[in-house]
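S.K.:
Chains as they are written, first to last, in my numbering: chain A, 325 to 726; chain B, 10 to 424.
1) For residue 410 (chain B), does the count of other Cβ atoms within 10 angstroms reach 16, so buried, or fall short, so exposed?
2) Mind pulling the chain A residues with CB within less than 8 Å of residue 146 (chain B)?
3) Give me the chain B residues within the contact set of residue 524 (chain A), using Cβ-Cβ distance strictly less than 9 Å, ordered along the chain.
4) Anything in chain B within Cβ reach of residue 686 (chain A), meaning under 9 Å, just list it in chain order.
5) Taking C-beta pairs closer than 9 Å, name the residues in chain A that residue 375 (chain B) reaches, listed in chain order.
6) Per DSSP, residue 111 (chain B) forms a beta bridge with which residues?
7) What in chain A is Cβ-close to residue 34 (chain B), meaning under 7 Å?
8) Which value, in whole angstroms, describes the spacing of the CA atoms of residue 10 (chain B) and residue 522 (chain A)?
9) Would you say residue 546 (chain A) and residue 350 (chain B) are within 7 Å of each other, going by their C-beta atoms?
10) Given 8 Å as the limit, is there contact between the stretch 245-253 of chain B and the stretch 265-277 of chain B, that is, 3 or more CB pairs closer than that?
11) At least one CB of chain B closer than 7 Å to the CB of residue 464 (chain A): is that the case?
12) Contact check, residue 468 (chain A) vs residue 498 (chain A) under 8 Å by CB: the rounded distance?
13) Between residue 359 (chain A) and residue 336 (chain A), is the Cβ-Cβ spacing less than 7 Å?
14) Could you tell me which chain B residues have their CB closer than 7 Å to the CB of residue 529 (chain A), listed as they occur along the chain?
15) Rounded to a whole number of angstroms, what is the C-alpha to C-alpha distance between residue 25 (chain B) and residue 667 (chain A)?
16) Please classify residue 696 (chain A) as buried or exposed, where buried requires at least 16 neighbouring CB atoms within 10 angstroms.
17) I need the boundaries of the alpha helix (DSSP H) containing residue 416 (chain B), first residue and last residue.
18) Does any residue of chain B have a CB that is nearer than 7 Å to the CB of residue 518 (chain A)?
19) Within a Cβ cutoff of 7 Å, which residues of the same chain sit near residue 412 (chain A), ignoring the five residues on either side of it in sequence?
20) I'd like to confirm the pairing. Which residues does DSSP put opposite residue 44 (chain B) in its beta bridges?
21) Run down chain A in chain order and give the residues with a C-beta less than 9 Å from the C-beta of residue 28 (chain B).
22) Report the CB separation of residue 105 (chain B) from residue 20 (chain B) in whole angstroms; it is logged as a contact under 8 Å.
23) How would you write the range of the beta strand (DSSP E) that residue 271 (chain B) sits in, first residue to last?
24) Reducing DSSP to helix, strand and coil, say where residue 10 (chain B) ends up.
25) What does residue 161 (chain B) touch in chain A if you count any residue whose Cβ is under 9 Å from its own?
26) So for residue 692 (chain A), helix, strand or coil by DSSP?
27) Assign residue 340 (chain B) to one of three DSSP states: helix, strand, or coil.
28) Is it the case that the Cβ atoms of residue 197 (chain B) and residue 513 (chain A) are separated by a distance below 7 Å?
29) Give the secondary structure of residue 441 (chain A) by DSSP, where H, G and I count as helix, E and B as strand, and everything else as coil.
30) Hey, is residue 61 (chain B)'s beta-carbon within less than 7 Å of any beta-carbon in chain A?
31) Within 10 angstroms of its Cβ, does residue 438 (chain A) collect 16 or more other Cβ (buried), or is it exposed?
32) Closest to residue 432 (chain A) by CA distance: which of A:403, A:489, A:595 is it?
33) Which residues in the same chain as residue 187 (chain B) place their Cβ atom closer than 7 Å to its Cβ, once the five residues preceding and following it in sequence are excluded?
34) Since residue 142 (chain B) contacts residue 652 (chain A) with CB under 8 Å, what's their CB separation in whole angstroms?
35) Under 7 Å between beta-carbons, which chain A residues line up against residue 222 (chain B)? List them in chain order, please.
36) Determine the DSSP secondary structure at residue 334 (chain A), reduced to helix, strand or coil.
Take a look at the structure:
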């Protein structure tokens, strides 16, 4: 069986997480992705790790190896005219270009949809940028943390009311990139489906800030609806919904529904707590959480995380362990479902990676090849596919174009 | 000539509720699909009852800002499955749908009679997706999952913390929207496959697994080195400064509480650090040996952060960001619901949707995070009131007469 996107050809001009994640999603579903990296150093993700033995090496970055599975890798300096000429040849044969070149840099190297559409009118070009292609922040300098903050998530997490001095806390990893990437993949698939019908390409402007703001749950609406600001400092509206420490780690204690609370106090051996006026419903429990928390801590501290989790789940209470990485890699449910996949790459050797985000009945998610080493397919793509002669390739290489 | 939206003509039977599923079908509605929510007044979607509400008071099922945000552009058909006629109406709808989606716990849809095998009989090329917390196989397949608990379960909480502090949360139920948008991508790839081959298929998701796909760096530290990643708050091994710094509070307290404000700042290299200290009016810092290199700044990061915060503390966030962006330093307000509502960039891009809701009037909601140049997409309608489209769907799509609808309603089948 072939992947769902096995007839789709993509060129990626991507660095770090956003564009590479968008194209990884499509490559893992069968699309051919030619990833263009800058000659010499390549995608800066190669410098970020994690690295085996904590020794930085451009071919051993866990982040790069994860984000670039199933891609073909070439090196090309598109800022140089000779480089842009070759880029145009790749574009002529592509269905989709996904990039996260920021707008000021796009201006500088004259990368635009108008220019590329002249080469390939059916091209879909997806631009993933921190603040969008229009608007007053278009040219703002950004890093993942500033976009995550500017999209509205940071403010929700961190020290809480007891520690207002602790700053709003960024979520682990390059979440702005991941969310920009997956929202871009959705929009790109929409354009690809429209192209099958209409026969036309188009330009897609994906804003990472908007991708983040789109998923703030109820927290955004609190301002327009009630002129309230949802922040990390606020008292939780409902309790229990809290990370708590037990014998060997942390567990997330959650009883949103009344029947879950009743089942929990029974489990604790204190069914009478359900009748206490100060714990009578989830709102009142939130108001009296300081008192309740102490009582619960004493009761649950004798359990291990997994004991309490399994006891709670047996009573249909939605507790969850605060998983460490070791917990996840060793988890028997994830093993039974075959979530983690082993990928061997010649330089970095073999490691386990997170696997398919979803399982498909007919069109497999699969790893056909590991992430490319820097310029691994230069010969295959530039030489064999584009027909550039060996002498010219050597010339381009010594000039630093490829 | 106005072009059609990408998914115009695609119909979705939407059994999802709460949050992950509705975020998935919101993407499809954004792209132009006709998304028909199957609801019942006897057990309404939880989010219809959650705050925020206009005036802060719960006054019925159509007024929640939570529901109204994530169900924009969809239709609502109420069916009470205690009545066999209601099940028959759902079967007719499935027969006319391209996609059927649910986020019930494993096995629930099968017990209702709408499992994949049944749906295939009604519609041979149907694409069906099931989103559940743990997936529909494996020893935990019957475990119960709630949005907020999926964040710690996924590993995000143990990675998101200040140095030597307990695990913290990420977003509110971040694993839910993350699952929803990935599921939308999966459905679109399946639609594309169907357009080439005529084949439908079944897609299954564990929200837990999907969340682990966005924390690969943490997992790979463990698989490569056998150790847990060392969390260090907002700091970054390759950039310093890299964090959120306090500014002037909002001038007006909200319900008696002072709301603090912060600015996010990052310097990717020594040159950006030089631009930052110039913008701060403290150019001598660039030669200070405590901060001259990344290694030095990392070694003295507490002092570094104190100097920056002493500078930001008496200023308005917007003034700090304007000054830093003029100097090309990565920075942004740490946005909250108030500042986001007034964000000049989002306003200039017409990101917010302001449509007249049948019951509560006009409230801004977050819109579509992309712009398509040739097949423009737009939020076509507000979120539906419960049962708002029952008559329209029953008579217009499913072929019931007005009289039949009336009788079914009297029986309670359309509650």
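No residue lacks a Cβ here, since even glycine has one placed at the ideal position from N, Cα and C.
M.R.: According to the structure shown:
1) By 1-based counting over the second chain, the position of residue 410 (chain B) is 401. Looking at its Cβ environment, which holds fewer than 16 other Cβ atoms inside 10 Å, residue 410 (chain B) is exposed.
2) On the second chain, residue 146 (chain B) is found 137 positions in, with the first residue counted as 1. In chain order: 660, 661.
3) Counting from 1 along the first chain, the entry for residue 524 (chain A) is found at position 200. At a beta-carbon threshold of 9 Å, the residues of chain B lying near residue 524 (chain A) are 12, 383, 384, ordered along the chain.
4) Position 362 of the first chain, counting from 1, holds the residue named residue 686 (chain A). Within chain B, the residues placing a beta-carbon under 9 Å from that of residue 686 (chain A) are 199, 202, 206, 208, 209, 210, 211, ordered along the chain.
5) Along the second chain, one-based indexing puts residue 375 (chain B) at 366. Per Cβ cutoff of 9 Å: 534, 537, 538, 539, 540, 544, 545.
6) Locating residue 111 (chain B) in the second chain gives position 102, where the first residue counts as 1. Residue 111 (chain B) is bridged to B:139.
7) Within the second chain, numbered from 1, the residue matching residue 34 (chain B) stands at position 25. At a beta-carbon threshold of 7 Å, none of the residues of chain A lie near residue 34 (chain B); the nearest stands roughly 12 Å away.
8) Position 1 of the second chain, counted from the start, is the residue given in the question as residue 10 (chain B). Position 198 of the first chain, counted from the start, is the residue given in the question as residue 522 (chain A). Only weak support is given to the placement of residue 10 (chain B): the predicted model assigns it a pLDDT of 44, under 50, and the value that follows is read from those uncertain coordinates. Distance between the alpha carbons of residue 10 (chain B) and residue 522 (chain A): 13 Å.
9) Position 222 of the first chain holds residue 546 (chain A). Position 341 of the second chain holds residue 350 (chain B). Cβ distance not < 7 Å, so residue 546 (chain A) and residue 350 (chain B) don't count as in contact.
10) With a cut-off of 8 Å, the stretch 265-277 of chain B and the stretch 245-253 of chain B count as touching, because enough Cβ pairs lie within range.
11) Position 140 of the first chain, counting from 1, holds the residue named residue 464 (chain A). Answer yes: the Cβ-Cβ gap between residue 464 (chain A) and chain B drops below 7 Å somewhere.
12) As a first step, residue 468 (chain A) is located in the first chain; it is residue number 144 there, counting from the start. As a first step, residue 498 (chain A) is located in the first chain; it is residue number 174 there, counting from the start. Indeed they touch by this definition, with Cβ atoms about 5 Å apart.
13) Position 35 of the first chain, counting from 1, holds the residue named residue 359 (chain A). Position 12 of the first chain, counting from 1, holds the residue named residue 336 (chain A). Contact: yes.
14) Taking the first residue of the first chain as position 1, residue 529 (chain A) is located at position 205. Ordered by position in chain B, the residues that pass the 7 Å Cβ test against residue 529 (chain A) are 379, 380.
15) The count along the second chain starts at 1 and reaches residue 25 (chain B) at position 16. The count along the first chain starts at 1 and reaches residue 667 (chain A) at position 343. One C-alpha to the other measures close to 35 Å.
16) Start at 1 with the first residue of the first chain, and residue 696 (chain A) comes out as number 372. By the beta-carbon neighbour count (other beta carbons within 10 angstroms, threshold 16), residue 696 (chain A) is buried.
17) For the purposes of this step, residue 416 (chain B) is identified with residue 407 of the second chain, where counting begins at 1. Bounds of the alpha helix (DSSP H) holding residue 416 (chain B) are 411-420.
18) Residue 518 (chain A) sits at position 194 when you count from the first residue of the first chain. With a threshold of 7 Å between beta carbons, residue 518 (chain A) makes contact with chain B.
19) Indexing the first chain from 1 puts residue 412 (chain A) at position 88. Excluding sequence positions up to five before and after residue 412 (chain A), its CB lies within less than 7 Å of the CB of 443, all in the same chain and listed in chain order.
20) Taking the first residue of the second chain as 1, we reach residue 44 (chain B) at position 35. Residue pairing from DSSP places residue 44 (chain B) in a beta bridge opposite B:21.
21) Counting from 1 along the second chain, the entry for residue 28 (chain B) is found at position 19. Going along chain A in sequence order, the residues near residue 28 (chain B) (Cβ under 9 Å) are 541.
22) The residue given as residue 105 (chain B) occupies position 96 in the second chain. The residue given as residue 20 (chain B) occupies position 11 in the second chain. Right, the Cβ-Cβ distance comes to about 6 Å (below 8 Å), so this counts as a contact.
23) Position 262 of the second chain holds residue 271 (chain B). For residue 271 (chain B), the enclosing beta strand (DSSP E) stretches over residues 271-275.
24) Counting from 1 along the second chain, the entry for residue 10 (chain B) is found at position 1. The predicted model places residue 10 (chain B) with a pLDDT of 44, which falls under 50 and marks its position as unreliable; any figure quoted below should be read in that light. Coil, per DSSP.
25) By one-based count along the second chain, residue 161 (chain B) stands at place 152. Close to residue 161 (chain B), with beta-carbon spacing below 9 Å, are these residues of chain A in chain order: 567, 574, 575, 576, 644, 645, 646, 647.
26) For this step, residue 692 (chain A) is matched to residue 368 along the first chain. Reduced to three states, the DSSP call for residue 692 (chain A) is coil.
27) Taking the first residue of the second chain as 1, we reach residue 340 (chain B) at position 331. Three-state result, residue 340 (chain B): strand.
28) Position 188 of the second chain holds residue 197 (chain B). Position 189 of the first chain holds residue 513 (chain A). Taking 7 Å as the Cβ cut-off, residue 197 (chain B) and residue 513 (chain A) qualify as a contacting pair.
29) By one-based count along the first chain, residue 441 (chain A) stands at place 117. Three-state result, residue 441 (chain A): helix.
30) Residue 61 (chain B) sits at position 52 when you count from the first residue of the second chain. For residue 61 (chain B), the answer is yes, since a Cβ of chain A falls inside 7 Å of its Cβ.
31) Counting from 1 along the first chain, the entry for residue 438 (chain A) is found at position 114. Result: exposed.
32) Against the first chain, residue 432 (chain A) aligns to sequence position 108. It is A:403 whose Cα lies nearest to the Cα of residue 432 (chain A).
33) In the second chain, the residue the question calls residue 187 (chain B) occupies position 178. Taking residue 187 (chain B) as the centre and dropping the five residues before and after it, the same chain places the C-beta of 219, 220, 223 closer than 7 Å to its C-beta, in chain order.
34) Taking the first residue of the second chain as position 1, residue 142 (chain B) is located at position 133. Taking the first residue of the first chain as position 1, residue 652 (chain A) is located at position 328. Incorrect: roughly 15 Å between the Cβ atoms, too far for contact.
35) Your numbering for residue 222 (chain B) matches position 213 in the second chain. The contacting residues are 678, 681.
36) Within the first chain, residue 334 (chain A) is the residue found at index 10, counting from 1. It is a strand residue.
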